[in-house]
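A.B. asks:
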Amino acid sequence: MVHKFGLNPNYKPIRQKRRNYSVEILVAIREEVKKLLDTGFIREVQYSDWLSNVVLVKKSNGKWRMCIDFTDVNKAYPKDSFPLLMIDLLVDSTSRHKLLRFMDAYSDYNQILISLEDEEHTSFMTNQGTYCYRSYLLV
1 MVHKFGLNPN
11 YKPIRQKRRN
21 YSVEILVAIR
31 EEVKKLLDTG
41 FIREVQYSDW
51 LSNVVLVKKS
61 NGKWRMCIDF
71 TDVNKAYPKD
81 SFPLLMIDLL
91 VDSTSRHKLL
101 RFMDAYSDYN
111 QILISLEDEE
121 HTSFMTNQGT
131 YCYRSYLLV
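Quick note: the sequence shown, position 130, residue 130 per the UniProt record's numbering, numbers continuous.
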């Protein structure tokens, strides 16, 4: 399954200004990037028109969750004109399906591949380099 975002072609790409991080956060970013690279969920990018910052959120267990500030990228995508109705019925109908159990395997996200032309719209910068997601971020 591959997802295509459908970027508005009239929207100008935005490169966010790089943020400064504490040493503790830099270590957490480095560890998460290594894990994502090793599993193939992200790849390195050399030159991207879109650049977003990493945002770390402290979880209740004291560990860090790495998120990306896609505020500017989200503005370039058209809004859905249809609401998702009766979500509880849709979720209940997926019980006992093997694919759902597989999709839940790695931290509840990164299950759906992003189309090649849209991957670089998910580019984010770190002190080690610039990367983009190869799979859809579902949290």
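Every residue, glycine too, gets a C-beta built ideally from N, C-alpha and C.
How many angstroms separate the CA atom of D80 from the CA atom of L56?
C.D. replies: The residue you call residue 80 lines up with position 80 of the sequence shown. The residue you call residue 56 lines up with position 56 of the sequence shown. The alpha-carbon separation between D80 and L56 amounts to approximately 28 Å.
A.B. asks: Pick from V45, D88, W64 and G62: whose alpha carbon is nearest that of M118?
C.D. replies: Within the sequence shown, the letter at position 118 stands for residue 118. One detail in the question is off: residue 118 reads as Asp in this sequence, not Met. Closest by alpha carbon: V45.
A.B. asks: Taking C-beta to C-beta, are F124 and I68 nearer than 9 Å?
C.D. replies: Position 124 of the sequence shown holds residue 124. Position 68 of the sequence shown holds residue 68. For F124 and I68, yes; Cβs fall inside 9 Å.
A.B. asks: Helix, strand or coil: which one does DSSP assign to I42?
C.D. replies: Here residue 42 is taken as the residue at index 42 of the sequence shown, counted from 1. Looking at I42 - three-state DSSP - the assignment turns out to be strand.
A.B. asks: Can you have a look at T71 and say buried or exposed, based on whether 16 or more other CB atoms are within 10 angstroms of its CB?
C.D. replies: Taking the sequence shown and counting its residues from 1, one reaches residue 71 at position 71. By the neighbour-count rule (16 or more Cβ atoms within 10 Å), T71 is not buried but exposed.
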